[in-house]
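Residue numbers (the working numbering): 88 to 511.
Here is the structure:
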């Protein structure tokens, strides 16, 4: 029997590509990578397959044609068992390619809704999911009219956010009219004129992240992360994720039920689910539901299976499901785990970094990956889209893991030259 083959749709700077490639190799799955790049540029950079994901139908057609051409006359060479989008930008393309190849997939409309915040909000409202009031605007609209409409329909505090950027990029809280005006102007400078964006009600409460695997029967909860740092604005930079959650079991069950109902409401049927929710006295509220796995390098703290020395990564589980291989244990390792996405404190040029060796010696720290490069331009939120790196920890309890992450972070020192800071 020929080996399984998976097509992975990714971006040039995705953190997740290598982990999926490594997981495929471990499982004996042949991984073929398609990158969000114009065809000529992809060839110049030695990527085997490139397509512009911002035009999903064209990209999907190009990818299918390229796969058929590479297969020659032997139809077995064209066979694929799965198509996976590793980032939001490729979700609709993946659905279209999978449909063309006759593979299990989410409906392209559902895939698009899971990455476009306005469509997501509209569909979630229609199915009764708990979401705040919202409205769609354009950056070319008259600012006074934007403010008047937002005040009438949504009120304060509210949140300005782009429809398709990730990682809290461009997301700004406003408590007053002057802050709303400033937020709209700042978002306009980021995404440009004539672009759609949302203004929605601010959801108070603590925030959690839900990681799951969806099939036709149910949504399997793989991990529920607490976010112990308050995310109250004006920007929403994520830092620490810790699992298992310290919320009461009944609330965790309610979060899982709310997430599954929202995913079904969007029309998602299969594959990884990453959801963000806010929890307050009224229960869970949906911030977003994405048809992909957790971002960055965060999945490296997740291992599944109780047999020592024989556990599976999140990427292995996702590939197994997608390729029709038997799923091993979906139970996460018993110890607590956590990751800290190291925030960028200020814009400028990264000149030096110190303390990494000392931070790695902190009890409970598994690894530290500094992904920023020396002499690299750094841009913090809300304009930026990256972190300085990631700190990984494990321990006997979530509290122990959180302490280790904070202690390790306190030992890291980054020298950033503000004199050459990017103009924002």
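For glycine and all other residues, C-beta sits at the position ideal for the given N, C-alpha and C.
Residues of its chain near residue i, where Cβ-Cβ distance is below 7 Å and the 5 sequence neighbours each way are ignored
{"i": "residue 244", "result": "260, 261, 262 and 289"}
{"i": "residue 363", "result": "294, 296, 374 and 375"}
{"i": "residue 166", "result": "92"}
{"i": "residue 143", "result": "179, 180 and 183"}
{"i": "residue 234", "result": "264, 267 and 268"}
Cβ-Cβ distance between residue i and residue j below 7 Å
{"i": "residue 329", "j": "residue 286", "result": "no"}
{"i": "residue 318", "j": "residue 298", "result": "no"}
{"i": "residue 380", "j": "residue 359", "result": "yes"}
{"i": "residue 292", "j": "residue 277", "result": "no"}
{"i": "residue 201", "j": "residue 378", "result": "yes"}
{"i": "residue 224", "j": "residue 284", "result": "yes"}
{"i": "residue 399", "j": "residue 415", "result": "yes"}
{"i": "residue 208", "j": "residue 218", "result": "yes"}
{"i": "residue 417", "j": "residue 307", "result": "yes"}
{"i": "residue 349", "j": "residue 216", "result": "yes"}
Residues near residue i by beta carbon distance below 6 Å, same chain, minus five either side
{"i": "residue 345", "result": "371"}
{"i": "residue 150", "result": "121, 138 and 184"}
{"i": "residue 452", "result": "480, 491 and 495"}
{"i": "residue 169", "result": "93, 409 and 410"}
{"i": "residue 511", "result": "Confidence at residue 511 is low in this model, with a pLDDT of 44, below 50, so the placement of that residue should be treated as unreliable; the coordinate-derived value is given next. Cβ within range, chain order: 470."}
{"i": "residue 347", "result": "306"}
Inter-residue spacing [alpha-carbon to alpha-carbon] between residue i and residue j
{"i": "residue 479", "j": "residue 135", "result": "32 Å"}
{"i": "residue 140", "j": "residue 250", "result": "16 Å"}
{"i": "residue 89", "j": "residue 442", "result": "48 Å"}
{"i": "residue 459", "j": "residue 474", "result": "7 Å"}
{"i": "residue 498", "j": "residue 449", "result": "9 Å"}
{"i": "residue 435", "j": "residue 383", "result": "22 Å"}
{"i": "residue 226", "j": "residue 178", "result": "25 Å"}
{"i": "residue 392", "j": "residue 425", "result": "18 Å"}
{"i": "residue 445", "j": "residue 361", "result": "33 Å"}
{"i": "residue 230", "j": "residue 145", "result": "35 Å"}
{"i": "residue 189", "j": "residue 182", "result": "10 Å"}
{"i": "residue 198", "j": "residue 351", "result": "12 Å"}
{"i": "residue 493", "j": "residue 116", "result": "38 Å"}
{"i": "residue 472", "j": "residue 204", "result": "17 Å"}
Own chain partners of residue i with C-beta closer than 8 Å, once the 5 adjacent residues on each side are dropped
{"i": "residue 255", "result": "322, 323, 324, 325, 468 and 469"}
{"i": "residue 483", "result": "422 and 423"}
{"i": "residue 124", "result": "99, 132, 134, 137, 138 and 139"}
{"i": "residue 315", "result": "327, 329 and 489"}
{"i": "residue 265", "result": "none"}
{"i": "residue 112", "result": "118"}
Nearest-angstrom Cβ-Cβ length linking residue i and residue j, presumed shorter than 8 Å
{"i": "residue 409", "j": "residue 118", "result": "Not a contact, Cβ separation roughly 11 Å."}
{"i": "residue 438", "j": "residue 504", "result": "5 Å"}
{"i": "residue 500", "j": "residue 476", "result": "Contact doesn't hold; Cβ gap of about 13 Å is too wide."}
{"i": "residue 153", "j": "residue 180", "result": "Not a contact, Cβ separation roughly 13 Å."}
{"i": "residue 309", "j": "residue 419", "result": "6 Å"}
{"i": "residue 107", "j": "residue 487", "result": "No, residue 107 and residue 487 are not in contact; Cβ-Cβ is about 30 Å, not under 8 Å."}
(message) With three or more beta-carbon pairs closer than 8 Å as the criterion, would you say the stretch 335-349 touches the stretch 426-446?
(response) The count of Cβ pairs closer than 8 Å, one atom from the stretch 335-349 and one from the stretch 426-446, stays below three, leaving the stretches out of contact.
(request) Would you check if there are 3 or more beta carbon pairs closer than 8 Å linking the stretch 302-315 to the stretch 262-277? (result) Taking 8 Å as the limit for Cβ pairs, the verdict is that the stretch 262-277 does not touch the stretch 302-315.
(message) Under 8 Å: do the stretch 95-114 and the stretch 165-180 share three or more Cβ pairs, one atom per stretch?
(response) yes
(message) I want to know whether the stretch 184-199 touches the stretch 348-358 - three or more CB-CB distances under 8 Å.
(response) yes
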